[in-house]
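Input: a single structure, listed below in C-alpha cells.
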Amino acid sequence: MRLHWETDYALRCVLCLASKESGMVRATELVRDIAAPEYVARKMITRLSAAGILQAKPGPKGGVCLAKSPEKISVYDVVSCIERDLCINRCLGEEGTCTRNAISTCSVHRYLQKLQNDMEASMREMTFDKLVKQNASGKSAQMKSLKTEQAEKICAT
13 MRLHWETDYA
23 LRCVLCLASK
33 ESGMVRATEL
43 VRDIAAPEYV
53 ARKMITRLSA
63 AGILQAKPGP
73 KGGVCLAKSP
83 EKISVYDVVS
93 CIERDLCINR
103 CLGEEGTCTR
113 NAISTCSVHR
123 YLQKLQNDME
133 ASMREMTFDK
143 LVKQNASGKS
153 AQMKSLKTEQ
163 AEKICAT
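So the sequence shown is numbered by the working numbering: it starts at 13 and just counts up by one.
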C-alpha cells in the first residue's frame, strides 16, 4: 500500500500545527511551512476540518489550528480522513473480494489481515504529541552533530 501524496501533506500539516505553541496559524504560513501547493493545502484543510481534526477560521484575522489537543489526534485519524481505502489487499476490504473464494482457508489472507491490523494499531497508537517530541529530539541530535562537525573542522585547522 502506498499513501497518497495528499496524505503526506496532511500529516505534515497536523504535525506543523501540533508543534506550534500559538493558536491560529495563517493558511499562507502553513502552506509555506509544509511546502505544499496552495490548492492542495486548502483542499486538505477543508477535509481535516470536516473530520474535526482542524478548525479553520476565514478572514483577515483567521487561520487554521488543531480542533483538539495533539495527544487526542492519531496518525490513523489523519490517514483515514484523506485515504479512501486503507486495505493493503482487496480481500481485506468491505466486500472481501477473493478470486479463489478461499478467504476462510487462505494463509496469505490471514497473514495480510494480521499485517493490516498491526499497521492500523500502530497508526492509532502514534499521536501527534509523540511525533512532536520525536521531531524535537531528532532536531536536537542533528544540532549536536553539526556542532561536533564544526568543532572538528576548527580543531583540524
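No residue lacks a Cβ here, since even glycine has one placed at the ideal position from N, Cα and C.
Excluding the 5 residues flanking residue i on each side, which residues of the same chain have their C-beta closer than 6 Å to its C-beta?
i, result
"K159", "Because K159 carries a pLDDT of 49, less than 50, the predicted location of this residue cannot be relied on, and the following value inherits that uncertainty. Once the five neighbours on either side are set aside, K159 has no close Cβ partner at all."
Does the separation of the CB atoms of residue i and residue j fall below 9 Å?
i, j, result
"A173", "A47", "The shown model of the chain, from 13 to 169, leaves out residue 173, and the question about it has no answer."
"G35", "C77", "yes"
"R54", "A22", "no"
"A133", "S31", "no"
"V91", "L143", "no"
"I65", "D45", "no"
"C99", "Q146", "no"
Name, in chain order, the residues that DSSP records as bridge partners for residue i.
i, result
"C77", "Q67"
"V37", "V76"
Report all residues from its chain with a CB closer than 8 Å to the CB of residue i; omit the five preceding and five following residues, and keep chain order.
i, result
"T139", "P82, E83, K84, I85, S86 and V87"
"D97", "G105"
Give me, in chain order, the residues of the same chain whose beta-carbon lies closer than 7 Å to that of residue i; leave out the 5 immediate sequence neighbours on both sides.
i, result
"S61", "Q67 and A68"
"V37", "L29, G75, V76 and C77"
"N101", "L124"
My understanding is that residue i touches residue j, with C-beta atoms under 8 Å, so please give their C-beta distance in whole angstroms.
i, j, result
"M56", "E18", "6 Å"
Cβ contact (3+ pairs, closer than 8 Å) linking the stretch 17-27 and the stretch 78-90: yes
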